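Novice: I have a structure here, written as structure tokens, and I will follow up with some questions on it.
Protein chains: 2
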Amino acid sequence: MVFFVSDHTGVTAEAVGHSLLSQFIELEYQAQTVPFIDTPEKAAELAGRIRKSMPALIVSTLTDQSIRAKLRDCEAPMFDVFDAFSEPLAATLGMAATAASGQIHGMSNSYHARIEAVNFALAVDDGLNPERLGEADIILVGVSRAGKTPVSLYLALQYGKKAANYPLTPDDLGAHTLPPVLLALRQKLRGLTLSAERLSQIRNERLPGSRYASLENCRNEIRAAESMMAASGIPVIDSTRRSVEEIAAMIVHDGTEARS
Amino acid sequence: MVFFVSDHTGVTAEAVGHSLLSQFIELEYQAQTVPFIDTPEKAAELAGRIRKSMPALIVSTLTDQSIRAKLRDCEAPMFDVFDAFSEPLAATLGMAATAASGQIHGMSNSYHARIEAVNFALAVDDGLNPERLGEADIILVGVSRAGKTPVSLYLALQYGKKAANYPLTPDDLGAHTLPPVLLALRQKLRGLTLSAERLSQIRNERLPGSRYASLENCRNEIRAAESMMAASGIPVIDSTRRSVEEIAAMIVHDGTEARS
Chain A
1040 MVFFVSDHTG
1050 VTAEAVGHSL
1060 LSQFIELEYQ
1070 AQTVPFIDTP
1080 EKAAELAGRI
1090 RKSMPALIVS
1100 TLTDQSIRAK
1110 LRDCEAPMFD
1120 VFDAFSEPLA
1130 ATLGMAATAA
1140 SGQIHGMSNS
1150 YHARIEAVNF
1160 ALAVDDGLNP
1170 ERLGEADIIL
1180 VGVSRAGKTP
1190 VSLYLALQYG
1200 KKAANYPLTP
1210 DDLGAHTLPP
1220 VLLALRQKLR
1230 GLTLSAERLS
1240 QIRNERLPGS
1250 RYASLENCRN
1260 EIRAAESMMA
1270 ASGIPVIDST
1280 RRSVEEIAAM
1290 IVHDGTEARS
Chain B
1040 MVFFVSDHTG
1050 VTAEAVGHSL
1060 LSQFIELEYQ
1070 AQTVPFIDTP
1080 EKAAELAGRI
1090 RKSMPALIVS
1100 TLTDQSIRAK
1110 LRDCEAPMFD
1120 VFDAFSEPLA
1130 ATLGMAATAA
1140 SGQIHGMSNS
1150 YHARIEAVNF
1160 ALAVDDGLNP
1170 ERLGEADIIL
1180 VGVSRAGKTP
1190 VSLYLALQYG
1200 KKAANYPLTP
1210 DDLGAHTLPP
1220 VLLALRQKLR
1230 GLTLSAERLS
1240 QIRNERLPGS
1250 RYASLENCRN
1260 EIRAAESMMA
1270 ASGIPVIDST
1280 RRSVEEIAAM
1290 IVHDGTEARS
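One line per chain: the protein sequences are A and B, in this order.
Numbering-wise, the numbering used here comes out as the position in the first sequence, counting from 1, plus 1039.
Numbering-wise, the numbering used here comes out as the position in the second sequence, counting from 1, plus 1039.
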């Protein structure tokens, strides 16, 4: 059994642990995430539980040395990020590390900005309240079901970015230029596109057999949307083989691409 | 300058880096996250950029040894998670590590489940479509503005959990038991509460000076909601001093608490 152990939410320990173990292709493992191990008492109790699950392995992000020491009592091999890096980092910086409380684990942007950004993303989702588009940091445009909503919510929750999303409807697509409300905010626009096959598949899950979901209609909509976006010179990301978090990271770090 | 470098989105490198550096309270630093460094060429180019920003420090999650080697050319001290752990982990497991592509970084649950969960959370947000509550994995209940929506979206995006949220309105609160539609799904219910002071502050941002936002009304609503939730025996989390990700981790790992 593999234990991902953290003094905070466990999200980082889990991400580090899964990444590390994914290098061992033949390894099959069961994993359990144990968050909020923030006292020596909780660590001692967990050590007892792990001792009963041997053979076991620990990947952890435990800031406090005394908590790590208690957990180590269980004798399972333990790979802790702070254990590995705190001392060499202290030596490099010429400063002493304090046992911070681990409050910084996980998401990194200001908390209120993120909550406000979520409320904003919901208020302007799917073209709602277009008069508020000017408040946005980023406006995602694309045809219906191109994946704009999850990306805008992730931009809000992870990065605290106020992301609006604006669907290009068949009416918009007939007009040959982006709607004026968008053109006025061109610097904030980011296009999302995807393959017609994938779009048709997604739309068929929603409205099976509809004209809306047909491959031909999807092809036409995507062609029209892409040519509009190209004409306005807005950066476009292809979401066909990318996850929400990859797309969001590209947008935030400006790793957009020209569509080939 | 501190560089958080990743072959994927950079979310994990950034979280690890900020956590590690937060141990050095007196350190003031500027940080830059550089995602998608997934070829030796990109690493070489980045090494050139870092060389121009000395003194610099690198915290990274780079799966591939040859990419790490190129980046190391810049001679800034480099702290890489794979560099530190891959070999000892291989020795412990008695297996050879392959340079996996780093696709597992970041969020860990099945991709489609997460997107479906986001769509579900939006469809049943704020008491919408109560006939779909039975599909939920988790139903968050609490008074208006107790923080249910961001938590349900985070549960969906991070954990792939289908989380509904149901606001207890003044009408519901007058009834002394939870609404029948909720009682039928009692196993899925999780309560959110918070201090009346904090609730009043949040509501005042939305409707300044209103009765809705008044401290007295907030006190009454919270008292009624807490007594209903206690009567039904549902686990309750106090969100006053907790972040969305902390609350979500508590719910997923069942770390709920009785309100003191």
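C-beta: ideal position from N, C-alpha, C; glycine also.
Model, not experiment: these values are computed from the prediction.
Check the Cβ-Cβ distances between aspartate 1277 (chain A) and every residue of chain B, and say whether any is below 9 angstroms.
Specialist: Numbered from its first residue, the first sequence carries residue 1277 (chain A) at position 238. Aspartate 1277 (chain A) does not count as touching chain B.
Novice: Verify the CB distance criterion: does alanine 1193 (chain A) have a CB-CB separation below 9 angstroms to chain B?
Specialist: Translated into the one-based positions of the first sequence, residue 1193 (chain A) becomes position 154. First, the amino acid is wrong: residue 1193 (chain A) is tyrosine here, not alanine. Yes, tyrosine 1193 (chain A) lies at the interface with chain B (some Cβ there is under 9 angstroms from its Cβ).
Novice: Going along chain B, which residues have a C-beta under 9 angstroms from glutamine 1069 (chain A)?
Specialist: Residue mapping note: residue 1069 (chain A) aligns to position 30 of the first sequence, counting from 1. By Cβ distance, chain B contributes nothing, its closest Cβ being about 14 angstroms from glutamine 1069 (chain A), past 9 angstroms.
Novice: Quick check on this structure: which residue in A:Glu1053, A:Ala1235 and A:Glu1170 has the alpha carbon closest to the alpha carbon of tyrosine 1251 (chain A)?
Specialist: Taking the first residue of the first sequence as position 1, residue 1251 (chain A) is located at position 212. Checking every option, the nearest Cα to that of tyrosine 1251 (chain A) belongs to A:Ala1235.
Novice: Measuring CB atoms only, is the segment 1211-1225 of chain B touching the segment 1185-1192 of chain B, in the sense that at least three cross pairs come out at less than 8 angstroms?
Specialist: No, they do not touch.
Novice: Would you report the Cα separation of alanine 1263 (chain A) and arginine 1258 (chain B), rounded to the nearest angstrom?
Specialist: Here residue 1263 (chain A) is taken as the residue at index 224 of the first sequence, counted from 1. Here residue 1258 (chain B) is taken as the residue at index 219 of the second sequence, counted from 1. Taking the straight line joining both Cα atoms gives about 54 angstroms.
Novice: When you compare the CB of threonine 1051 (chain A) with every CB in chain B, is at least one pair closer than 9 angstroms?
Specialist: Within the first sequence, the letter at position 12 stands for residue 1051 (chain A). Yes, contact with chain B.
Novice: Tell me whether isoleucine 1143 (chain B) sits in a helix, a strand or coil according to DSSP, three-state version.
Specialist: Within the second sequence, residue 1143 (chain B) is the residue found at index 104, counting from 1. Because isoleucine 1143 (chain B) carries a pLDDT of 49, less than 50, the predicted location of this residue cannot be relied on, and the following value inherits that uncertainty. Coil.
Novice: Does any C-beta atom of chain B lie closer than 9 angstroms to the C-beta of glutamate 1285 (chain A)?
Specialist: The residue you call residue 1285 (chain A) lines up with position 246 of the first sequence. So yes, glutamate 1285 (chain A) belongs to the interface.
Novice: Could you check what DSSP says for glutamine 1069 (chain B) in three-state terms: helix, strand or coil?
Specialist: As a position in the second sequence, residue 1069 (chain B) is number 30, starting the count at 1. Coil at glutamine 1069 (chain B), not helix or strand.
Novice: Three Cβ pairs or more, each shorter than 8 angstroms: is that satisfied between the segment 1070-1082 of chain B and the segment 1117-1125 of chain B?
Specialist: Result no; under three Cβ-Cβ pairs closer than 8 angstroms.
Novice: Using the beta-carbon of each residue, which ones in chain B are nearer than 7 angstroms to threonine 1078 (chain A)?
Specialist: Residue 1078 (chain A) sits at position 39 when you count from the first residue of the first sequence. Chain B residues near threonine 1078 (chain A): none, gap ~13 angstroms exceeds 7 angstroms.
Novice: At least one CB of chain A closer than 9 angstroms to the CB of valine 1055 (chain B): is that the case?
Specialist: One-based indexing of the second sequence puts residue 1055 (chain B) at position 16. Valine 1055 (chain B) counts as touching chain A.
Novice: Name, in chain order, the residues that DSSP records as bridge partners for serine 1045 (chain A).
Specialist: Mapped onto the first sequence, residue 1045 (chain A) falls at position 6. Note: serine 1045 (chain A) sits in a beta bridge opposite A:Thr1100.
Novice: Looking at the unbroken beta strand (DSSP E) that takes in glycine 1230 (chain B), where does it start and where does it end?
Specialist: Along the second sequence, read from residue 1 onward, the residue named residue 1230 (chain B) stands at position 191. 1228-1232 is the extent of the beta strand (DSSP E) around glycine 1230 (chain B).
Novice: Nearest by alpha-carbon distance to leucine 1221 (chain A): which of A:Ala1136, A:Ile1177, A:His1292 and A:Ser1125 is it?
Specialist: Here residue 1221 (chain A) is taken as the residue at index 182 of the first sequence, counted from 1. For the residues A:Ala1136, A:Ile1177, A:His1292 and A:Ser1125, the minimum Cα distance to leucine 1221 (chain A) belongs to A:Ile1177.
Novice: Within 10 angstroms of its Cβ, does glycine 1248 (chain B) collect 16 or more other Cβ (buried), or is it exposed?
Specialist: As a first step, residue 1248 (chain B) must be located in the second sequence, where it is residue number 209. It counts as exposed.
Novice: For isoleucine 1143 (chain B), which residues from the same chain have a beta carbon less than 8 angstroms from its beta carbon, with the 5 sequence-adjacent residues on both sides left out?
Specialist: In the second sequence, the residue the question calls residue 1143 (chain B) occupies position 104. With a pLDDT of 49 at isoleucine 1143 (chain B), under the threshold of 50, the modelled position of this residue cannot be trusted; read the value that follows with caution. So the list is empty, once near-sequence residues are dropped.
Novice: Excluding five sequence neighbours on each side, which residues of the same chain lie with their C-beta closer than 8 angstroms to the C-beta of valine 1283 (chain A)?
Specialist: Taking the first residue of the first sequence as 1, we reach residue 1283 (chain A) at position 244. Answer for valine 1283 (chain A): Gly1186, Pro1189, Val1190 and Tyr1193, listed in chain order.
Novice: Name the chain A residues whose beta carbon is nearer than 9 angstroms to that of leucine 1228 (chain B)?
Specialist: As a working note, residue 1228 (chain B) is residue 189 in the second sequence. Simply none; closest approach about 21 angstroms.
Novice: Would you check if the distance between the CB atom of proline 1079 (chain A) and the CB atom of serine 1105 (chain A) is smaller than 9 angstroms?
Specialist: As a first step, residue 1079 (chain A) is located in the first sequence; it is residue number 40 there, counting from the start. As a first step, residue 1105 (chain A) is located in the first sequence; it is residue number 66 there, counting from the start. Yes. Within cutoff.
Novice: From the DSSP secondary-structure annotation, give me the bridge partner or partners of glycine 1181 (chain A).
Specialist: Stepping through the first sequence from its first residue, residue 1181 (chain A) is reached at position 142. Beta-bridge pairing links glycine 1181 (chain A) to A:Pro1206.
Novice: Provide the residue(s) that pair with phenylalanine 1118 (chain B) in DSSP beta bridges, ordered along the chain.
Specialist: Counted from its first residue, the second sequence places residue 1118 (chain B) at position 79. Its beta-bridge partners are B:Val1098.
Novice: Using only alpha-carbon positions, find the residue among A:Thr1279, A:Arg1280 and A:Ile1273 that is nearest to aspartate 1293 (chain A).
Specialist: Within the first sequence, residue 1293 (chain A) is the residue found at index 254, counting from 1. Among A:Thr1279, A:Arg1280 and A:Ile1273, the Cα nearest to that of aspartate 1293 (chain A) is on A:Ile1273.
Novice: Interface residues of chain A around valine 1120 (chain B) at Cβ under 9 angstroms?
Specialist: Taking the first residue of the second sequence as position 1, residue 1120 (chain B) is located at position 81. Per Cβ cutoff of 9 angstroms: Val1055, Ser1058, Leu1059, Val1120, Ala1123 and Phe1124.
Novice: Identify the contact partners of histidine 1215 (chain A) in chain B, using a Cβ-Cβ distance below 7 angstroms as the criterion.
Specialist: Walking along the first sequence from the start, residue 1215 (chain A) turns up at place 176. In chain order: nothing, as chain B lies at least about 31 angstroms away.
Novice: Here's the rule I'm using: 16 or more other beta-carbon atoms within 10 Å means buried, otherwise exposed. How should threonine 1057 (chain A) be labelled?
Specialist: Along the first sequence, one-based indexing puts residue 1057 (chain A) at 18. It should be noted that the sequence gives histidine, not threonine, for residue 1057 (chain A). By the 10 Å Cβ count, histidine 1057 (chain A) comes out buried.
Novice: Under DSSP, the alpha helix (DSSP H) around methionine 1093 (chain A) begins and ends at which residues?
Specialist: As a working mapping, residue 1093 (chain A) is identified with position 54 in the first sequence. Note, methionine 1093 (chain A): premise wrong, no alpha helix (DSSP H); not H, not E.
Novice: Answer yes or no: do arginine 1225 (chain A) and serine 1253 (chain A) have a C-beta to C-beta separation smaller than 9 angstroms?
Specialist: Against the first sequence, residue 1225 (chain A) aligns to sequence position 186. Against the first sequence, residue 1253 (chain A) aligns to sequence position 214. No. Outside cutoff.
Novice: Please list, in chain order, all residues of the same chain as leucine 1161 (chain B) whose beta carbon is under 7 angstroms from its beta carbon, the five residues on each side excluded.
Specialist: As a working mapping, residue 1161 (chain B) is identified with position 122 in the second sequence. Answer for leucine 1161 (chain B): no residue qualifies.
Novice: Quick check on serine 1249 (chain A) - is its C-beta less than 9 angstroms from some C-beta in chain B?
Specialist: As a working mapping, residue 1249 (chain A) is identified with position 210 in the first sequence. So, not an interface residue.
Novice: Which of the three DSSP states is assigned to methionine 1289 (chain B) in this structure?
Specialist: Along the second sequence, read from residue 1 onward, the residue named residue 1289 (chain B) stands at position 250. Here methionine 1289 (chain B) sits in helix by DSSP.
Novice: If you check the beta carbons only, do isoleucine 1241 (chain B) and arginine 1171 (chain B) fall under 9 angstroms apart?
Specialist: One-based indexing of the second sequence puts residue 1241 (chain B) at position 202. One-based indexing of the second sequence puts residue 1171 (chain B) at position 132. Not closer than 9 angstroms, so no.
Novice: I want to verify the contact list: residues of chain B whose CB lies under 7 angstroms from the CB of threonine 1048 (chain A), in sequence order.
Specialist: As a position in the first sequence, residue 1048 (chain A) is number 9, starting the count at 1. Residues of chain B passing the Cβ test: Glu1284, Glu1285 and Ala1288.
Novice: Using 9 angstroms as the limit for Cβ to Cβ distance, is tyrosine 1205 (chain A) near chain B?
Specialist: Your numbering for residue 1205 (chain A) matches position 166 in the first sequence. So no, tyrosine 1205 (chain A) is outside the interface.
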